[in-house]
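Its first residue numbered 621, the sequence shown is counted upward by one per residue in our numbering. Report on the structure given below.
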Amino acid sequence: MTAAEIIQKYISFFEKRGHKRIHGTPLVLENDSTVLFTTAGMQPLIPYLLGKPHPLGKRLVSLQKCLRTDDIDEVGDKKHHTFFEMLGNWSLGDYWKKEAIEWSYEFLTSNEWLGIEKSKLAISVFAGDEDALFDKESYDIWRSLGIPESRIAKLEKKDNWWGPAGQTGPCGPDTEMFVWTGKGKAPKTFDPANSEWIEVWNDVFMEYNKTQDGKFEYLKQKNVDTGMGLERITAVMEGTDDDYQTGLFLPVIKKIEDISGKKYEKNPKDFRIISDHIKAIVFILADGVEFSNLNRGYVPRKLLRRLIVRMQFLEGKQKILLKEYLSKYTLNPLIEVVVNIYQEKYPEIIKNAKVIKEKILGEWDKLKKQMESAYPQVIKVINKSGQIVSGKDGFYLFEAHGVNPEVTEQVAIKYGKTFDWEDFKVEFKKHQELSRTASAGMFRGGLADHSEKTIMGHTATHLMHQAIRDLLGDKVHQSGSNITPERVRFDFNFDRKLTDEEIKKIEDIVNEKIKENLPVHFEIMPLEKAKKLGAIGLFDEKYSEQVKVYFIGDYSKEFCGGPHVDFTSKVKRFKIIKQENIGKGYRRLYALVG
Ligand code: SER
């Protein structure tokens, strides 16, 4: 069964059970600063898991493209990926454990659907701890479906609890489903440590909200959030234990074989890293990210450098200079196969294929220049190092020769050595000056949080939006925003540079509102009512009947998912640090809070 057939079956199974299909979101959620990239299908649904009514109802199903960089060092084995797709179904305060588990079981085992042998299934459930009890309900449901006791493992929070996606938010115990992929009959007893048991699906029972002080309180509603990794289930259904030997990867693997003249079987790790990373890079760039040293932009930069080092070593000529390698090849053939695999599902990648190629070529050229002088230095440093290449050496290469630590690390690995990342980070921190300017994003690989600063940033953004309108008129409105713990970024339509006086005036208004300590609260109301009230802001739910509006005293009313501070004085201080012209009559401001 191919990936496309699995997707079609999954969606239709849940549609028949009252679910509405929602379309996946981009990898970059412009108005969500809690993560760099979409890491799970539940990510775009957080407001609804917290209680906001979803325009399409209480049962949803989707296929979501996801990107996770937390496990980047595991990429290279048969199962790990940075870019992957996830199927999922949700109950937003509707059905609960019984239906969720029974449907999962039916979908996996019924011959009408995936038809996986029941004797090859194993389960894990949450064992319980000081925050939440043993999930006896799920255990009993699995037993009632005929799963023997010896095939149900009771595991702790680190294994059987999912979320929150950031530091705070919806989460709960989960039950996970495993399929035996080893040779012969599955062992009688389930041993989660045996890697021939592959986890294919988890049903998360989201009834908790993790608060900022680390407590777990009950949510307004009990939600189900499930996730089935497409790459893994496709491997199971195509009868292999290696995700990279499925239709989702084989065309890329074949192309790498053509380019390098080497075989996958002999170099599986290099092949897997290259094919994983090229997919991730293509998808990240397709969603509008540029290569840079900041936050999101550092991720494709890091991936490309790791990929290039792997490609070079695949050639087997460990002594040739990276620059020679770089002049010889382009990544266009690899980009094209990735586009071919995914273009039907994700039209954005075919639409942006040309731009993606140009961006990669630009970065490739930059790297080429950088490497001309630098690569011999890398080899020199690594040759003279002992078994561990120190962070100091890595930092020297970075600072003096512009070599990103990923390159040093990968070359070190290829010379049979290791790179001391922790030591590198220590060195790096000593040079705070640099970390503020050049590379502040380098250590933000995956999830950020609903940190205090971010929440302050959200409220400051509403105040700034209103202040800008007070000053420049009601035709001016927000066209985008992005909030990280480091700064607030705000885009709006206006066709000239703001004067220093205007900037100062906006700052003054916002700081005055902060001083007034206005209360902040939200109301969920019909869209029409919100419009009548004059609520401003971007709202994504085109078809939504109910919307969430945040009120700041009676100064600002704006559509928003939150979160916000409860009183404006918590924002403390607001300062605009920079303005930019982003073209076509739009401007961008950067500001600091706190
Ligand atoms: N959020 C869970 C996951 O990512 C289930 O969707 O696996």
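Beta carbons are placed, not taken as given, at the ideal position from N, Cα and C, and that holds for glycine.
In the DSSP assignment, the residues bridged to ILE1008 are THR1038. If you check the CB distance, LEU924 and ASP890 do not come in under 8 angstroms. Non-local C-beta neighbours of ASN1131 in its own chain, meaning closer than 6 angstroms and more than five positions away in sequence, comprise PHE1194, ordered along the chain. LYS1073 and PHE1110 have their C-alpha atoms spaced approximately 16 angstroms apart. In this model, LEU914 and LEU870 are separated by some 33 angstroms (Cα to Cα). For THR658, the distance from the CB to the nearest heavy atom of ligand 1 is not below 7 angstroms. Taking a cut-off of 8 angstroms for Cβ pairs, the stretch 747-755 and the stretch 875-893 do not touch, as fewer than three such pairs fall below it. Secondary structure of ALA742 (DSSP, three-state): strand. VAL902 sits in a helix when the DSSP states are folded into three classes.
Here the distance from the Cβ of MET662 to the nearest heavy atom of ligand 1 is below 7 angstroms. A buried status is given to ILE928, since no fewer than 16 other beta-carbon atoms sit within 10 Å of its beta-carbon. Three or more Cβ pairs drawn from the stretch 1027-1046 and the stretch 998-1017 lie within less than 8 angstroms of each other, which places the two stretches in contact.
Inclusion of PRO768 and ASN780 in the CB contact set at 8 angstroms is not warranted, their separation being larger than that value. DSSP places ARG925 within a helical segment (H, G or I) once states are collapsed to three. For PHE810 against ARG771, the beta-carbon gap comes to about 5 angstroms, under 8 angstroms, which counts as contact.
Residue side-chain check: ASN780 keeps its Cβ at 7 angstroms or more from all non-hydrogen atoms of ligand 1.
Closest by C-alpha distance to GLY677, out of MET662, VAL648, ILE692, ASP714, is ASP714.
In the structure shown, ILE1103 falls within a strand segment according to DSSP collapsed to helix, strand and coil.
Taking C-beta separations shorter than 6 angstroms and ignoring five residues to either side along the sequence, the partners of ASP907 in its chain run PRO646, LEU647, VAL648, following chain order. If you look at PRO1183, you'll find it isn't in any beta strand (DSSP E); DSSP assigns it neither H nor E. The Cβ neighbour count for ALA1087, taken over all protein chains shown within 10 Å, is at least 16; the residue is labelled buried. The three-state reading of DSSP puts ALA773 in strand, counting E and B together. Listed in chain order, the non-local C-beta contacts of ILE1075 below 7 angstroms within the same chain comprise PRO1183, HIS1184, VAL1185, local neighbours out to five positions each way being set aside. Straight-line measurement puts the Cα of THR801 at about 8 angstroms from the Cα of THR860. Taking 8 angstroms as the cut-off, the beta carbon of THR854 is found closer than this to the beta carbon of ILE626.
Taking C-alpha positions only, GLY1077 is separated from ILE1197 by approximately 14 angstroms. Under the three-state reduction of DSSP output, HIS1085 falls in the helix class. Fewer than three pairs of CB atoms, one per stretch, sit closer than 8 angstroms, so the stretch 735-744 makes no contact with the stretch 700-715.
Inside the stretch 1126-1174, DSSP marks whole alpha helix (DSSP H) runs of 4 or more residues at positions 1147-1153, from first to last along the chain. Rounded to the nearest angstrom, the gap between the Cα atoms of ASP1120 and ILE1129 is 14 angstroms. Closest option to SER724, judged by alpha-carbon separation, among TRP821, ILE873, ALA900: TRP821.
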